Amino acid sequence: MLAVFVKEINSFLNSLIAYIVIAVFLTSIGLLMWVFPESSILEYGYADMSSLFTLGPYVFMFLIPAITMRFFSEEKRIGTEELLMTKPLSNFQIILGKYFAGFALVVMSIVPTLIYFYSVYTLGNPIGNLDVSGTVGSYVGLVLLGGVFVAIGVFSSALTDNQVVAFVLSVFLCFVIYSGLSSMATIDVWGNASIWLEQMSLVFHYDSLSRGLIDISDLVYFVSVIAIMILLTQLKLDAKKW
Amino acid sequence: MSIEVLNLTKLYGPQKAVDAISFSAKKGEILGFLGPNGAGKSTTMKIATGYLGATSGSVEIEGIDIERNPLEAKKKIGYLPEHNPLYLDMYIHEFLAFTGKINQMKSSEMKNGVKRVVEMCGLTLEQNKKIGQLSKGYRQRVGLAQALLHDPPVLILDEPTTGLDPNQILEIRRLIKEVSKDKTVIFSSHIMQEVEALCDRVVLINKGRLIADKPIAEFSKGSTGEAMLRVEFKVPIDTAPLAAIEEVLEVSEIQPGIYKLKVKESEAARSAVFKLAGESNLPLVGLQEEESSFDEIFHLLTKEN
Numbered sequence: 031m032l033a034v035f036v037k038e039i040n041s042f043l044n045s046l047i048a049y050i051v052i053a054v055f056l057t058s059i060g061l062l063m064w065v066f067p068e069s070s071i072l073e074y075g076y077a078d079m080s081s082l083f084t085l086g087p088y089v090f091m092f093l094i095p096a097i098t099m100r101f102f103s104e105e106k107r108i109g110t111e112e113l114l115m116t117k118p119l120s121n122f123q124i125i126l127g128k129y130f131a132g133f134a135l136v137v138m139s140i141v142p143t144l145i146y147f148y149s150v151y152t153l154g155n156p157i158g159n160l161d162v163s164g165t166v167g168s169y170v171g172l173v174l175l176g177g178v179f180v181a182i183g184v185f186s187s188a189l190t191d192n193q194v195v196a197f198v199l200s201v202f203l204c205f206v207i208y209s210g211l212s213s214m215a216t217i218d219v220w221g222n223a224s225i226w227l228e229q230m231s232l233v234f235h236y237d238s239l240s241r242g243l244i245d246i247s248d249l250v251y252f253v254s255v256i257a258i259m260i261l262l263t264q265l266k267l268d269a270k271k272w
Numbered sequence: 003m004s005i006e007v008l009n010l011t012k013l014y015g016p017q018k019a020v021d022a023i024s025f026s027a028k029k030g031e032i033l034g035f036l037g038p039n040g041a042g043k044s045t046t047m048k049i050a051t052g053y054l055g056a057t058s059g060s061v062e063i064e065g066i067d068i069e070r071n072p073l074e075a076k077k078k079i080g081y082l083p084e085h086n087p088l089y090l091d092m093y094i095h096e097f098l099a100f101t102g103k104i105n106q107m108k109s110s111e112m113k114n115g116v117k118r119v120v121e122m123c124g125l126t127l128e129q130n131k132k133i134g135q136l137s138k139g140y141r142q143r144v145g146l147a148q149a150l151l152h153d154p155p156v157l158i159l160d161e162p163t164t165g166l167d168p169n170q171i172l173e174i175r176r177l178i179k180e181v182s183k184d185k186t187v188i189f190s191s192h193i194m195q196e197v198e199a200l201c202d203r204v205v206l207i208n209k210g211r212l213i214a215d216k217p218i219a220e221f222s223k224g225s226t227g228e229a230m231l232r233v234e235f236k237v238p239i240d241t242a243p244l245a246a247i248e249e250v251l252e253v254s255e256i257q258p259g260i261y262k263l264k265v266k267e268s269e270a271a272r273s274a275v276f277k278l279a280g281e282s283n284l285p286l287v288g289l290q291e292e293e294s295s296f297d298e299i300f301h302l303l304t305k306e307n
């Protein structure tokens, strides 16, 4: 697993993907938080980081599929999948290696935003007038959301040997699970099931974390979605053997 | 037995890609896996290496069932897939280190191992290049190096020489011969000469079925002792006297003056043709036994079954 992880990280670094992803994420988040008047903290006047946490998921919705789209589809297209899968390495190890490489890149792009946290913290009047527990909860939520999006991306890329298809599919799936389900719940046809549908959506648990309460049920939700996606990926890869 | 394939069957929908094939190979043996394109060679190899699953039947590598214990069995295999897929953006050393690691080699043995295969496969001069910069021949060597790195007892090579120039083909053949001493090598090909040059034994398959499994010596002769002669005269002649020779079974004209004879015993037939030319004063300019081409042997063998 470690070998696959290292290989993927190296290929991120060699192919500039890592730098571009981190740079684009930080630039767009930086612009949204500090420059664009609509969402700028400076204009808003409150020491609050909510613009990072409400807009970050939408930036990730496009960036993470761009990271993960090549994971399996590229291997399939150039045939190296055969090389990898005939080595003494289980499919599960291959998936985890790739998953954690993608996840590591997401974490690497979130870490520099801690500088924003520090800035907002010191800009507050009085200094430190910031909802720290809410922000920590939001960070946990954002990292876990990244984890879910990477898992969705890994799964989509296992479905096809076309990277564009993998990208579009995972953007769509990320959208559906993030806010699509909860938006659907507002349609007046579900009756009592609408609360159930609402709770299936990621934004429900993400918001709950951002209130500063790290609830086990929210964590279980994130981890289960990741686990389901990874198991589906494994199912898809194992299907070769049938 | 190093490799034991038993009643292997693979269905793609209703189509039988591999149909109840059984064969085995032992240590030190080079087994040629021969068949036309689409015969099921690659499918068989993919199942034997654990990439695809079989519909029924089993494959054992050194006594380990690939289906039941894939990780242990895969450790014993070095595999060069068809078309030799490689990570083109990796450096040769990086790639070999990566395959060594996923083969669970220790770092000390890996260092020596990488050095050994780099030398063995003639990559010393190129070893610091990216794989994407290499020519096809060198890429093929990297593919072989990757298969040999963990010193596996079983080597499975899927058409290792396609697309190479004649010199490179010779080198790859020499390499295969060299490593085969203490290993079992199975390699597939659709080129008869290649199989003749390398193999101890040949397994011939067509349309997923096993047609023949015998030592190369019996195989290359064909089974009836028939041969093809190419006879060239300066000017077109009347073919009746040629056809009248006792050993000649069939005469066909390829071009004016050039004839193809199907004969029973090649040596007797050739001297008879010479004799005829001398006696009847025919301007004979060429006489040659054609190497029995794959097609002909193949047709012969498929007819027998």
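Respectively, the protein sequence lines represent chains A and B.
Here the working numbering is used: the first residue of the first sequence is 31, the next is one more, and so on.
Here the working numbering is used: the first residue of the second sequence is 3, the next is one more, and so on.
Glycine residues also receive a C-beta, built at the ideal position from the N, C-alpha and C atoms.
All of these numbers come straight from a predicted model, not from anything done at the bench.
Could you check whether the Cβ of residue i sits closer than 8 Å to any Cβ belonging to chain B?
i                  : result
Asn-44 of chain A  : yes
Ser-41 of chain A  : yes
Thr-190 of chain A : no
Lys-266 of chain A : no
Thr-98 of chain A  : no
Gly-19 of chain A  : Absent from the structure is residue 19 of chain A, since the part of chain A shown begins at 31 and ends at 272.
Lys-106 of chain A : no
Pro-118 of chain A : yes
Glu-38 of chain A  : no
Leu-82 of chain A  : no
Following the continuous alpha helix (DSSP H) through residue i, name the residue where it begins and the one where it ends.
i                  : result
Ser-200 of chain A : 193–205
Thr-57 of chain A  : 47–60
Arg-232 of chain B : From DSSP, Arg-232 of chain B is part of no alpha helix (DSSP H) but of the beta strand (DSSP E) over 229–235.
Glu-105 of chain A : 100–108
Phe-66 of chain A  : Where Phe-66 of chain A is concerned, there is no enclosing alpha helix (DSSP H), given that its DSSP letter is neither H nor E.
Tyr-169 of chain A : 162–189
Glu-228 of chain A : 223–230
Gln-257 of chain B : Note, Gln-257 of chain B: premise wrong, no alpha helix (DSSP H); beta strand (DSSP E) at 250–257.
Lys-264 of chain B : Where Lys-264 of chain B is concerned, there is no enclosing alpha helix (DSSP H), although the beta strand (DSSP E) it sits in stretches over 260–265.
If you draw a straight line from the C-alpha of residue i to the C-alpha of residue j, how long is it?
i                  : j                  : result
Thr-104 of chain B : Leu-56 of chain A  : In the sequence under discussion, the amino acid at residue 104 of chain B is Ile, which differs from the Thr named in the question. Rounded to whole angstroms, Ile-104 of chain B to Leu-56 of chain A spans 35 Å at the Cα level.
Leu-211 of chain A : Ser-231 of chain A : 5 Å
Arg-107 of chain A : Tyr-89 of chain B  : 12 Å
Thr-152 of chain A : Gly-158 of chain A : 6 Å
Leu-239 of chain A : Ser-168 of chain A : 6 Å
Ser-24 of chain B  : Tyr-261 of chain B : 41 Å
Met-91 of chain A  : Ile-244 of chain A : 23 Å
Ile-39 of chain A  : Lys-128 of chain A : 9 Å
Ile-44 of chain A  : Phe-100 of chain B : It is Asn, not Ile, that sits at residue 44 of chain A in the sequence shown. Looking at the two C-alpha atoms, the distance is approximately 15 Å.
Leu-113 of chain A : Ile-79 of chain B  : 12 Å
Gln-229 of chain A : Tyr-88 of chain A  : 19 Å
Leu-262 of chain A : Gly-154 of chain A : 46 Å
Gly-75 of chain A  : Leu-160 of chain A : 12 Å
Gly-221 of chain A : Met-259 of chain A : 28 Å
Less than 8 Å between C-beta atoms, sequence neighbours within five positions excluded: which residues of the same chain meet that for residue i?
i                  : result
Lys-266 of chain A : Phe-185, Ala-188, Leu-189
Near residue i, which residues of its chain fall below 7 Å by C-beta distance, leaving aside the five closest residues on each side in sequence?
i                  : result
Arg-143 of chain B : Cys-123, Gly-124, Leu-125
Phe-122 of chain A : Gln-264
Asn-307 of chain B : Interpretation of Asn-307 of chain B is limited by its pLDDT of 48, a score under 50 that renders its predicted location unreliable; the figure taken from the coordinates is listed afterwards. Taken in chain order, the residues that qualify are Ile-213.
Leu-82 of chain B  : Gly-145, Leu-146, Ala-149, Leu-159, Asp-160, Pro-162
For the beta strand (DSSP E) holding residue i, just list the boundary residues, first then last.
i                  : result
Asp-268 of chain A : Element bounds for Asp-268 of chain A: not the beta strand (DSSP E) but the alpha helix (DSSP H), 246–268.
Arg-211 of chain B : 211–217
Phe-25 of chain B  : 17–27
Asn-9 of chain B   : 5–14
Return no unless some Cβ of chain A is closer than 8 Å to the Cβ of residue i.
i                  : result
Gly-40 of chain B  : no
Gly-134 of chain B : no
Thr-51 of chain B  : yes
Phe-189 of chain B : no
Ile-63 of chain B  : no
Leu-54 of chain B  : yes
Tyr-140 of chain B : no
Tyr-81 of chain B  : yes
Pro-243 of chain B : no
Identify, in the order they occur along the chain, each residue of the same chain with its Cβ nearer than 6 Å to the Cβ of residue i, setting aside the five sequence neighbours on each side.
i                  : result
Gly-59 of chain B  : Leu-8, Asn-9, Leu-10, Thr-11
Gly-139 of chain B : Leu-166, Gln-170
Arg-354 of chain B : It is not possible to answer for residue 354 of chain B, since the shown part of chain B is limited to 3 through 307.
Ser-254 of chain A : none
Worksheet item: With contact counted as at least three CB pairs below 8 Å, one residue from each stretch, are the stretch 194–201 of chain A and the stretch 124–135 of chain A in contact?
Response: no
Worksheet entry | Segment contact, 8 Å Cβ cut-off, at least three pairs: the stretch 155–175 of chain B with the stretch 186–197 of chain B | yes
Worksheet item: Can we say the stretch 15–34 of chain B touches the stretch 200–211 of chain B, given the rule of at least three CB pairs closer than 8 Å?
Response: yes
Worksheet item: Can we say the stretch 113–120 of chain A touches the stretch 95–112 of chain B, given the rule of at least three CB pairs closer than 8 Å?
Response: yes
Practice prompt. Would you check if the stretch 49–65 of chain A and the stretch 162–178 of chain A touch, i.e. whether three or more CB-CB distances between them fall below 8 Å?
Written response: no
Worksheet item: Are at least three pairs of beta-carbons, each pair with one atom in the stretch 11–21 of chain B and one in the stretch 64–74 of chain B, less than 8 Å apart?
Response: no
Worksheet item: If we count Cβ pairs, one from each stretch, closer than 8 Å, do we get three or more for the stretch 50–68 of chain B versus the stretch 76–96 of chain A?
Response: no
Discussion item. Quick test of the definition: if touching needs 3 or more C-beta pairs under 8 Å, does the stretch 282–292 of chain B touch the stretch 229–238 of chain B?
Written reply: The answer is yes - the stretch 229–238 of chain B touches the stretch 282–292 of chain B, with three or more Cβ pairs under 8 Å.
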